[in-house]
Amino acid sequence: MRAAMTNIFVYGSLMSHEVQQVLLRRIPPQLPAVAHGFHRFQIKDRCYPAVTALAEGSVQGRLLCGLTEKETKLFDLFEEEDYSRQVIQVATEEPFEGEAHMYLWVSGDAGLYGEWKYDEHFVPNLAGFVEMCKEFMLEDEARLPPHLGFPRRVLPFHPRSRSLRSSSSGWKNQRRGNDSRAARMGF
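Heads up, the sequence shown is in UniProt numbering, so the first residue is 1 and it goes up one at a time.
In structure tokens form, the structure reads like this:
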């Protein structure tokens, strides 16, 4: 029996091949795509965007094709509770069959404004964001269920603080800006 594969429409930091390589350990097949009926907002003090439904809007991005179950679960962890994976319709230049998923912003409108642009808002922060993705992988791979096949690389200490790690430290707090370095970098 063939394992189920997922297609995910990405529109922000996950469009970066560098980020894909760190998180997935590969760059999956992908197509340019557009999701109609949505708008990509800037988030105050963040370098990544939020997408919400907006009837007259459209968002350009990339359709990542054929993600495995473990890759999809990893993206679910990466996007945390601020986003919810939903099935959507996408338009592609090349013929595409199957459903597409997209992470929609579910954390309210506070802090959302304008229109987010990849080259303007993300690219200047790419190197720092890739480093934070590497830290995410060190911290969160160990929390994935073993049947998903990620190697167990458990670090007994948090790499920055040298203190014992807990599930509430590290990536989530840094990404939300609770860490001064992450806040300065817009994560």
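Using N, Cα and C, we set each Cβ at its ideal position, and we do this for glycine too.
Ranked by how close their Cα comes to the Cα of residue 23, the residues 13, 32, 30 have 13 in first place. Contact annotation: residue 57 and residue 38 have beta-carbon atoms nearer than 7 Å. Between the beta-carbon of residue 7 and that of residue 63 there is about 6 Å, and that keeps the pair under the 8 Å contact cut.
Remark: C-beta atoms of residue 35 and residue 92 do not approach each other more closely than 7 Å. Looking only at 74, 112, 117, the smallest Cα-Cα distance to residue 11 is reached by 117. In the three-state scheme derived from DSSP, where H, G and I count as helix and E and B as strand, residue 113 is classed as strand. In this structure residue 20 is in contact with residue 28, their Cβ atoms being roughly 7 Å apart against a cut-off of 8 Å. Counting of Cβ neighbours within 10 angstroms places residue 49 among the buried residues, the total reaching 16 or more.
Annotation for residue 72: no beta strand (DSSP E) segment contains it, though the alpha helix (DSSP H) segment containing it runs 69-79. Within 10 angstroms of the beta-carbon of residue 113 lie fewer than 16 other beta-carbons, which makes it exposed. Beta-bridge pairing by DSSP links residue 32 to 62. Under the DSSP definition of a beta bridge, residue 91 partners with 34. Only buried fits residue 101, as 16 or more other CB atoms lie within 10 angstroms of its CB.
Comparing alpha-carbon positions, the option among 25, 5, 61, 75 lying closest to residue 68 turns out to be 5. The Cβ atoms of residue 106 and residue 9 lie no closer than 7 Å to each other. For the options 75, 97, 59, 70, the alpha carbon positioned closest to that of residue 3 is the one of 70.
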